[in-house]
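The numbering used here applies: residue 54 is where the first sequence begins, and numbers increase by one. We treat Cβ as the ideally placed atom computed from N, Cα and C, and that holds for glycine. Reading through the structure tokens given below for one structure.
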Amino acid sequence: MAKTTKKERELHQRALNISVGLAKTYGNAECALNHKNPFELLVATILSAQCTDERVNAVTPKLFGKYPTPEKLAKSEQEDVEKIVHSLGFFRAKANNIRGMAQQLVELYAGAVPADLEQLVALPGIGRKTANVVLGTAFGIASGVVVDTHVKRLTRLIGLTSSKTPENIERDLMQLLPPEEWVNFSHRLIHHGRQICIARRPQCTKCPLIQDCLRAGLPPLGLG
DNA sequence: ATCCCGAGGG
DNA sequence: CCCTCTGGAT
């Protein structure tokens with residue numbers, strides 16, 4: 054139906070160039086969260102909201118040492134979990150979310166983590182970002198592109214200026230990239246956003262993707 | 001001061 | 001679209 058315009062072909066080519074450059078630079082993307090199973094990854098990903106993975110990894114040994122299964126976490130005391138995750142920020146909401154999530158896993162799925170996007174998103178504290186991380190990393194299912202604040206910010210560097218909401222960005226990237234690259238691309242771009250293409254202080258002189266960047270040498274974009 | 005590998009709600 | 005939740009690193 055829609056014919057391919059020259060601009061769309063250029064956008065596609067630039068995205069692929071960036072994707073190849075990211076792959077060369079960051080290798081096989083891996084989740085920086087320590088996890089042994091889908092349950093741990095799910096909890097750790099919820100806890101990672103608005104804080105670094107290093108800080109999450111600092112508290113998960115204690116958390117999973119005491120609450121290793123959904124069943125155990127479902128029966129936990131709110132106050133005790135709050136104490137364990139306190140250093141991560143948003144501790145009240147996070148404690149409440151992982152406890153409620155565990156309770157629903159027990160009630161609805163016999164304590165298993167569902168490998169399904171809609172079922173995951175229906176759980177408390179889990180949005181598309183967290184669900185896509187869990188599906189892609191723990192189950193190897195290419196359900197979508199992980200869109201966090203970094204991906205949202207950096208998609209404009211490759212020309213995705215029309216998309217604004219995370220859903221639109223995800224849809225555009227899913228059309229641009231092959232399914233086997235969805236999760237890897239996201240993780241590489243996120244690493245890039247933290248290490249090189251920092252929001253307020255982009256390290257353009259160290260950037261390996263400079264020749265494909267629309268904003269090379271221009272002031273930082275900031276958030277949004 | 002600024003921002004973080006978000007989610008939920010208005 | 002906006003706002004709130006929060007500690008910690010820089």
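- Scanning P121, T208, L188, A168 for the CA closest to the CA of R152 turns up P121.
- Between the C-alpha atoms of H203 and A155 there is a straight-line separation of about 28 Å.
- Within its own chain, the residues whose Cβ lies closer than 6 Å to the Cβ of H244, once the five positions on either side in sequence are excluded, are Y79, listed in chain order.
- In this structure, F144 is the residue among V73, D133, F144, F92 with its C-alpha nearest to the C-alpha of Q103.
- With contact defined as three or more Cβ pairs closer than 8 Å, the segment 227-238 and the segment 252-268 are not in contact.
- Cα atoms of K259 and K182: separation of roughly 28 Å, rounded to the nearest angstrom.
- Contact between M227 and V198 holds: CB atoms are separated by about 6 Å, below the 8 Å threshold.
- DSSP places L210 within a helical segment (H, G or I) once states are collapsed to three.
- Between V112 and S140, the C-beta gap is smaller than 9 Å, which places the two residues in contact.
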